[in-house]
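K.L.:
Could you have a look at this structure, given as structure tokens, before my questions?
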Amino acid sequence: MRRTKIISKILFYISRALALGYLLMIIYAVICLLTGWNVRPTAGRAAFVDILFPFTSSPFLIIDTAPTYIIFSFLLPLVLYSLFFWLASEVFKVFHQPRLFSSQNVIHLRRFYIFNVFIPGAAALLSRPFTEIGKDVWLLVIVHFFLGIFIYFLAAIFTQGLQLQKEQDLFI
């Protein structure tokens, strides 16, 4: 179990850093788009703009200027992946807690599987009238769905373990 705790702690920090990185990227991009700071037209592509790395002239993000693209193909995926990595970090945190079977750990697993089962598909369906949804996006929706189902089973095992633990505590 020691190796599991070490790996889960490493994955916790990686996924938490990714969640915060996505969040910072979203905040930076929104500030740049709203203020026009560090934004320039993309050379040779009239409908696109470059969001530059802070305090440089190097492109960081290249995005279409259509509002539907910005909302449904740029911001929505970034927000959802920020949330995904945050919830994933909470799942990894479950495995380095002193008490594995706790109601709080079951809640973290439940949030993660509900997010993965429902949100990617709902986001793709919501975006569909406004932007083209490619096959790769539908494949990601399917992958997230199966990940959610797997975590659902894990949450069911944790719920059973929690129940058995409570019953054991009653007998002691």
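Residues in the sequence shown are numbered from 1 upward in steps of one, following the working numbering.
Quick reminder that beta carbons are idealized off the backbone N, C-alpha and C, glycines included.
Keep in mind it's a predicted model, so treat the numbers as computed, not measured.
DSSP has residue 64 in a bridge; who is on the other side?
P.N.:
In the DSSP output, where bridge partners are listed per residue, residue 64 has 48.
K.L.:
If I measure Cβ to Cβ from residue 50 and keep anything under 6 Å in the same chain, skipping five residues before and after, which residues do I get?
P.N.:
Excluding sequence neighbours, residue 50 sits near 40, 42, 59, 62.
K.L.:
With respect to the beta strand (DSSP E) encompassing residue 40, which residues constitute its N-terminal and C-terminal limits?
P.N.:
Its beta strand (DSSP E) spans residues 39 to 41.
K.L.:
Could you tell me whether the Cβ atoms of residue 158 and residue 101 are closer together than 8 Å?
P.N.:
A contact, by the Cβ cut-off of 8 Å.
K.L.:
DSSP puts residue 59 in a beta bridge; with which residues?
P.N.:
52, per the DSSP bridge assignment.
K.L.:
If you draw a straight line from the C-alpha of residue 21 to the C-alpha of residue 167, how long is it?
P.N.:
Looking at the two C-alpha atoms, the distance is approximately 42 Å.
K.L.:
Please go through the same chain and pick out, in chain order, the residues whose beta-carbon is closer than 7 Å to the beta-carbon of residue 19, but skip the five residues on each side of it.
P.N.:
Same-chain partners within the cutoff: 82, 85, 86, 89.
K.L.:
I need the boundaries of the alpha helix (DSSP H) containing residue 89, first residue and last residue.
P.N.:
Counting along the chain, the alpha helix (DSSP H) containing residue 89 begins and ends at 76 to 94.
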